[in-house]
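Novice: Take this structure first; my questions come after.
There are 2 protein chains.
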Amino acid sequence: MENVISTEKCRNSIKALEDAMYVIGGKWTLRVIIALKDGHTRFNDIQRTIDGISAKVLSSVLKDLEENGFVKRKVDIGVPVVVEYELLSYAETLQEVLSALVSWGEMHREKVIRKQEELV
Amino acid sequence: MENVISTEKCRNSIKALEDAMYVIGGKWTLRVIIALKDGHTRFNDIQRTIDGISAKVLSSVLKDLEENGFVKRKVDIGVPVVVEYELLSYAETLQEVLSALVSWGEMHREKVIRKQEELV
DNA sequence: TCATTTACTAACCTAAAGGTTACTACTTAC
DNA sequence: GTAAGTAGTAACCTTTAGGTTAGTAAATGA
């Protein structure tokens, strides 16, 4: 019985893991979130900030972020029309994931460099 | 000057993030690590544990894990040959990332379910 | 004796993520 | 007068991760 519960728990964790990776696992998703966090709110501004991203991809990432509740798209109908993307508070829930990934990545990079030096 | 340092820092964080996602961002990578963690050490055993993974993909994931220092491949030349995959201590460094992803995924799932209920 | 298990690999195929180019219609700056 | 900026979209192409099928060779189980 305990076994049933624990495998059930385990399955849920795996699902959660896959959900998380599905939402933030895209090549550009986290970079767009970071750009928004850094105060870049307008389309072309964001695109200029993120080296290598195309308008098409940025557009689709922003749509996904909107659907997932990370971002609000605000349109100011004027001349010219101004569109602003606002990072919602829900995006803050990613903080732990983000910093865990960054610090692991830094650690891993150092390890890889150390290994390369050993080979010289 | 401060600006230079902080953008430099920021670039490093982004690189670290991308490195991390590159290493663990594959569809099956974390699942294989979890299977190994749960004590499954042999190829077919791991494959049976992970629903839906093909031999080809498992084989390539294990190779990547070996290259990245997460896993040791041990061959016991006998009749029959027995191959065992051992999770190295380096894999433990992923714990924080793993649990951050799992708990975020759980939280997100609950939020999505709540939202669906509101729509009924 | 025939199926199954072991740990894979080769060859092929598909789907989807992402990249490229061109275009919108309007405005401002040079 | 024209180049550049505004926020994108349409149509197309490429890359690649991953999926599928079949097969290895030796040994055990029914």
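In order, the protein sequence lines correspond to chains A and B.
According to the numbering used here, the first sequence is numbered sequentially starting from 201.
According to the numbering used here, the second sequence is numbered sequentially starting from 201.
Idealized CB from N, CA, C, for every residue including glycine.
Quick check on B/A291 - is its C-beta less than 9 Å from some C-beta in chain A?
Specialist: Numbered from 1 along the second sequence, position 91 holds the residue referred to as residue 291 of chain B. Judged by the 9 Å Cβ criterion, B/A291 is not in contact with chain A.
Novice: Mind checking which residues open and close the alpha helix (DSSP H) that includes A/V320?
Specialist: Within the first sequence, residue 320 of chain A is the residue found at index 120, counting from 1. Run containing A/V320: none; DSSP gives neither H nor E here.
Novice: Alpha carbon to alpha carbon, how far is B/G278 from A/V302?
Specialist: Reading the second sequence from its first residue, position 78 is the one you call residue 278 of chain B. Reading the first sequence from its first residue, position 102 is the one you call residue 302 of chain A. Whole-angstrom Cα-Cα distance: 44 Å.
Novice: The beta strand (DSSP E) that contains A/D263, what's its start and end?
Specialist: Residue numbering aside, residue 263 of chain A sits at position 63 when the first sequence is read from its first letter. Checking the sequence, you will find Lys at residue 263 of chain A rather than Asp. First-last for A/K263: A255 to E267, but that is the alpha helix (DSSP H), not the beta strand (DSSP E).
Novice: If we require 4 or more residues per run, which alpha helix (DSSP H) segments fall completely within the segment 270-296 of chain A?
Specialist: none
Novice: Please decide whether B/I214 counts as near chain A, where near means a Cβ-Cβ distance under 9 Å.
Specialist: Counted from its first residue, the second sequence places residue 214 of chain B at position 14. It does; some Cβ of chain A falls within 9 Å.
Novice: Which same chain residues end up closer than 7 Å to A/Q247 when comparing Cβ atoms and leaving out the 5 residues on each side of it in sequence?
Specialist: By 1-based counting over the first sequence, the position of residue 247 of chain A is 47. Closer than 7 Å at Cβ, skipping near neighbours: I253, A255 and L258.
Novice: Among the candidates B/R231, B/E218 and B/Y222, whose CA atom is the shortest distance from the CA of A/E218?
Specialist: By 1-based counting over the first sequence, the position of residue 218 of chain A is 18. For A/E218, the nearest C-alpha among the options comes from B/R231.
Novice: Taking any Cβ of chain B, which residues in the segment 279-313 of chain A have a Cβ under 7 Å from it, in chain order?
Specialist: Taking 7 Å as the Cβ-Cβ cut-off, the segment 279-313 of chain A approaches chain B at T293, L294, E296, V297, A300, L301, V302, W304, G305, E306, M307, H308 and R309, given in chain order.
Novice: Grab the span of the alpha helix (DSSP H) containing B/I234 for me, first residue to last.
Specialist: In the second sequence, the residue the question calls residue 234 of chain B occupies position 34. Start and end: T229 to K237.
Novice: Would you be able to state if there are at least three C-beta pairs under 8 Å between the segment 298-312 of chain A and the segment 259-268 of chain A?
Specialist: no
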